[in-house]
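Straight run, no breaks: the sequence shown in the numbering used here ends on number 229. The structure appears right after this line, and notes come after that.
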Amino acid sequence: MLVAQRVAPDEAINRISTPIITGLRPNLSASGPGTIYLMALPNKSEETDNIEGAKWTKLIANTMTMGPIGLTGLKNWDAKDLPGMRELAVRLGRESMAVGAALGYKLEPVFGLSAEEFAEANDATLIKAMETLQAHTGEESVTAPIHDDVKGRKSEMNLINGLVAAKGAELDIEVICNAAVTEIDRQINEGEIEMDPSNFGLLKSMVGSIPNRV
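Printed below as a string of structure tokens:
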């Protein structure tokens with residue numbers, strides 16, 4: 016998880032002494048009012064001036080996981096093994112990275128891979144990197160759109176996969192997978208369909224070319 020916020024130098028110590036990131040006190044000697052602190056929870060922090068690039072990088076990871084899993088109502092651990100989920104996640108990530116690059120963002124590492132490594136890696140490598148990270152979240156973790164649905168709130172996937180879909184359309188970049196996730200999420204939000212594992216089958220039928228295998 017990344018927590019990102021622009022803060023003034025005198026605010027940073029207070030922010031970093033909160034229980035969320037207890038014990039982390041970075042060297043602020045070179046900090047300025049435009050500094051953004053990226054906290055990889057727990058126990059790690061990084062300092063970067065690449066604010067927009069870091070935000071889009073986090074968005075890439077979210078489009079790959081929160082997007083498709085959030086349509087199913089399943090725990091992350093169970094949803095990852097749905098036939099075709101891994102392959103679709105990779106396609107979502109590639110679309111999101113292409114849009115971010117076209118927008119001129121300098122992208123940070125995704126699942127431990129640099130932007131160049133991510134772009135050049137085959138699907139098997141990306142799947143392995145994603146699985147390694149997911150293994151650390153545990154078998155009971157549930158993604159944000161599912162929490163929203165349980166609480167009777169609309170999800171914010173229109174600001175994640177939906178943003179990729181909108182920007183991709185503006186830039187004439189193929190974003191069929193992100194657009195499909197956004198449409199099914201809209202249907203859930205509007206009460207046209209329920210959040211259910213069967214939605215992943217609907218998603219695959221909308222995007223096509225997703226193998227029916229684990």
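Yeah, the Cβ is synthetic: ideal placement off N, Cα and C, and Gly gets one too. Here the structure is a predicted model, which is why all the values come from computation and not from measurement.
Contact under 8 angstroms by Cβ, residue i with residue j
i, j, result
"Gly115", "Ile75", "yes"
"Leu107", "Ile199", "no"
"Thr63", "Asn193", "no"
"Leu122", "Trp71", "yes"
"Ile8", "Ala94", "No answer is possible for residue 8: it lies beyond the span of the chain, which begins at 16 and ends at 229."
Own chain partners of residue i with C-beta closer than 8 angstroms, once the 5 adjacent residues on each side are dropped
i, result
"Thr80", "Asn91, Ala104, Met145, Gln149 and Thr158"
"Met112", "Ile75, Leu122, Val125, Ala130, Phe133 and Ala134"
"Glu67", "Tyr120"
As assigned by DSSP and simplified to three states, the class of residue i
i, result
"Thr78", "helix"
"Thr147", "helix"
"Met210", "coil"
"Val157", "coil"
"Thr197", "helix"
"Cys178", "Rather than Cys, the amino acid found at residue 178 in this sequence is Leu. Here Leu178 sits in helix by DSSP."
"Thr8", "Residue numbering for the chain in the displayed model covers 16 to 229; residue 8 lies beyond these limits and cannot be assessed."
"Leu107", "helix"
"Pro48", "Bear in mind that the predicted position of Pro48 carries a pLDDT of just 46, short of 50, making it unreliable; the figure below should be weighed with that in mind. Pro48: coil per DSSP, three-state reduction."
"Thr72", "helix"
"Leu235", "Past the boundaries of the shown model lies residue 235; the chain is included only from 16 to 229, so the question cannot be answered."
"Thr140", "helix"
Distance between residue j and residue i (C-alpha atoms, nearest Å)
i, j, result
"Leu217", "Leu186", "26 angstroms"
"Ala139", "Leu97", "16 angstroms"
"Lys241", "Glu189", "As displayed, the chain neither begins before 16 nor continues past 229, which places residue 241 out of reach and without an answer."
"Asn65", "Glu131", "17 angstroms"
"Ala45", "Glu155", "Its pLDDT being 43, under 50, Ala45 is placed unreliably by the model, and the measurement read from it follows with that caveat. One C-alpha to the other measures close to 40 angstroms."
"Asn58", "Thr152", "In this predicted model, Asn58 has a pLDDT of only 47, less than 50, meaning its place in the structure is not dependable enough to derive any value."
"Ala134", "Ile175", "20 angstroms"
"Met172", "Gly82", "7 angstroms"
"Arg101", "Ser220", "16 angstroms"
"Glu205", "Asn137", "37 angstroms"
"Ser213", "Ala184", "27 angstroms"
"Gln202", "Tyr120", "31 angstroms"
Own chain, CB closer than 6 angstroms to residue i, minus 5 neighbours either side, in chain order
i, result
"Leu118", "none"
"Lys182", "Val114"
"Ile191", "Val222"
"Leu128", "Ala144"
"Pro177", "The displayed chain sequence assigns Gly, not Pro, to residue 177. The answer, listed in chain order, is Thr197."
"Ile208", "Gln202"
"Phe215", "Thr87 and Leu97"
Assumed close pair residue i, residue j - CB separation to whole angstroms, cut-off 8 angstroms
i, j, result
"Val255", "Glu110", "In the structure displayed, the chain extends from 16 to 229; residue 255 sits before or after that span and is not available."
"Gly88", "Asp211", "6 angstroms"
Same chain, Cβ closer than 7 angstroms to residue i, neighbours up to 5 away in sequence not counted
i, result
"Lys169", "Asp163 and Asn204"
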